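Q:
Protein chains in written order, with my numbering: chain A, 801 to 864; chain B, 199 to 468.
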């Protein structure tokens, strides 16, 4: 639903970078690889946290 | 311990560091690693009193997210079990961030302020916006009790390695990449090629493998090389979650090791 605060595997705080990642890679046209490198998210375990995430609040909120 | 350890920094930052320790056994190196992960107490939110939560997430889910937010833990200020109270009050349509947490201690604040906790809406069908108001107690705890209290993230070490030049490579063979990761100690500088950012190769220098693309054939072109571990020398990689600087984290971990060793010594003497 919301982006995980930390990486499940190593515990690095990844939630911090979600909004920038979303803006630049998901909605913008930069390559996700370059953005993740730029944000300092190096390990594959942390990278998958952002790459595979989808915000669901907008989808759920009407049914509250 | 009769002899002193020798510590040399390779990278040093507020949140990440890489350093070489000489004169330690593998057992001690692992002891230090474990102490960094499990024995340095940090503050993190442990219990939450929800005053109002009309967001799309359950109270428990929000509490879990709050618990994972790293809080700055000033040195020598708190003892294990001490409590700091934090409060959060956000009304939609807006996102509640970790930075919206207010604490009752001036030195305690979220280490990262940009973590989204929950997106609050003002649905058209509702007559009031979603709202999140809560009070939370942050408790000083250890990583061995809960992972949210781990100050160190992805802490590890590897042997310091060194490269031995065996011979010239076969003139007609295809050169294949020789991938190596970590840090090498230069002992055959006369065969090495300068790589970006390291200057002229020099015996005894520590070279991180990323400076030559993790490929030994770029550092030692046209040579046949083999890699050996250097005895009793370990390169640590420590990353902090922001609750304290890497320096403090490692010093605290070493102190906790020393403390337990003294405790054991006294217990045995009785």
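From the three backbone atoms N, C-alpha and C, an ideal C-beta is built for every residue, glycine too.
A quick note: this is a predicted structure, and the numbers were derived from the prediction, not measured.
When you check each C-beta in the segment 846-861 of chain A against every C-beta of chain B, which residues fall closer than 7 Å?
A: Listed by position along the chain: 857, 860 and 861.
Q: According to DSSP, what are the bridge partners of residue 461 (chain B)?
A: Residue numbering aside, residue 461 (chain B) sits at position 263 when the second chain is read from its first letter. According to DSSP, residue 461 (chain B) bridges with nothing at all.
Q: Given a limit of 9 Å on CB to CB distance, which residues of the segment 219-233 of chain B reach chain A?
A: Within the segment 219-233 of chain B, no residue has a Cβ that lies closer than 9 Å to any Cβ of chain A.
Q: Pull up the distance between the alpha-carbon of residue 813 (chain A) and that of residue 455 (chain B), whole angstroms please.
A: Position 13 of the first chain, counting from 1, holds the residue named residue 813 (chain A). Position 257 of the second chain, counting from 1, holds the residue named residue 455 (chain B). Answer to the nearest angstrom: the Cα atoms are 27 Å apart.
Q: Go to residue 335 (chain B), then tell me how far its beta strand (DSSP E) extends in each direction, as first and last residue.
A: Taking the first residue of the second chain as position 1, residue 335 (chain B) is located at position 137. Segment 329-339, the beta strand (DSSP E) holding residue 335 (chain B).
Q: Would you tell me roughly how many angstroms separate the C-alpha atoms of residue 841 (chain A) and residue 466 (chain B), rounded to the nearest one?
A: Indexing the first chain from 1 puts residue 841 (chain A) at position 41. Indexing the second chain from 1 puts residue 466 (chain B) at position 268. Between residue 841 (chain A) and residue 466 (chain B), the C-alpha separation is close to 47 Å.
Q: Determine whether the Cβ of residue 812 (chain A) lies closer than 9 Å to any Cβ atom of chain B.
A: Taking the first residue of the first chain as position 1, residue 812 (chain A) is located at position 12. For residue 812 (chain A), the answer is yes, since a Cβ of chain B falls inside 9 Å of its Cβ.
Q: Checking contacts by CB at 9 Å: is residue 323 (chain B) closer than that to chain A?
A: Along the second chain, read from residue 1 onward, the residue named residue 323 (chain B) stands at position 125. True, the Cβ-Cβ gap to chain A drops below 9 Å.
Q: Please list the partners that residue 440 (chain B) has in chain A, where partner means a Cβ-to-Cβ separation under 8 Å.
A: The residue given as residue 440 (chain B) occupies position 242 in the second chain. Ordered by position in chain A, the residues that pass the 8 Å Cβ test against residue 440 (chain B) are 813.
Q: Name the chain B residues that come within less than 8 Å of residue 819 (chain A), Cβ to Cβ?
A: Here residue 819 (chain A) refers to the residue found at position 19 when the first chain is read from its first residue. What residue 819 (chain A) touches in chain B: 312 and 314.
Q: In whole angstroms, give me the CA-to-CA distance for residue 273 (chain B) and residue 441 (chain B).
A: Here residue 273 (chain B) corresponds to residue number 75 of the second chain, with the count starting at 1. Here residue 441 (chain B) corresponds to residue number 243 of the second chain, with the count starting at 1. Going from the Cα of residue 273 (chain B) to the Cα of residue 441 (chain B) covers about 10 Å.
Q: Mind the definition here: the segment 337-350 of chain B touches the segment 398-406 of chain B only if three or more C-beta pairs lie below 8 Å; say whether that holds.
A: The segment 337-350 of chain B is not in contact with the segment 398-406 of chain B.
Q: Which value, in whole angstroms, describes the spacing of the CA atoms of residue 438 (chain B) and residue 276 (chain B)?
A: Position 240 of the second chain holds residue 438 (chain B). Position 78 of the second chain holds residue 276 (chain B). The alpha-carbon atoms of residue 438 (chain B) and residue 276 (chain B) are separated by roughly 19 Å.
Q: Closest by CA to residue 393 (chain B), which one among B:385, B:407 and B:321?
A: Here residue 393 (chain B) refers to the residue found at position 195 when the second chain is read from its first residue. Closest option to residue 393 (chain B), Cα to Cα, is B:407.
Q: So, helix, strand or coil for residue 235 (chain B), using DSSP?
A: Start at 1 with the first residue of the second chain, and residue 235 (chain B) comes out as number 37. Residue 235 (chain B) falls in the helix class under three-state DSSP.
Q: So, under 8 Å CB-CB, residue 414 (chain B) and residue 362 (chain B) are touching, yes? Tell me the CB distance rounded to an integer number of Å.
A: Here residue 414 (chain B) is taken as the residue at index 216 of the second chain, counted from 1. Here residue 362 (chain B) is taken as the residue at index 164 of the second chain, counted from 1. Between residue 362 (chain B) and residue 414 (chain B) the Cβ distance is about 11 Å, and since that is not below 8 Å, they are no contact.
Q: Let me know the alpha helix (DSSP H) ranges lying completely inside the segment 820-858 of chain A, each 4 residues or longer, listed in chain order.
A: For the segment 820-858 of chain A, whole alpha helix (DSSP H) runs of length 4 or above, ordered along the chain, are 832-839 and 844-851.
Q: Between the alpha carbons of residue 344 (chain B) and residue 266 (chain B), how many angstroms are there, rounded?
A: As a first step, residue 344 (chain B) must be located in the second chain, where it is residue number 146. As a first step, residue 266 (chain B) must be located in the second chain, where it is residue number 68. Roughly 10 Å separates the two Cα atoms.
Q: If you follow the alpha helix (DSSP H) that residue 261 (chain B) is part of, which residue opens it and which one closes it?
A: Residue mapping note: residue 261 (chain B) aligns to position 63 of the second chain, counting from 1. First-last of the alpha helix (DSSP H) with residue 261 (chain B): 257-266.
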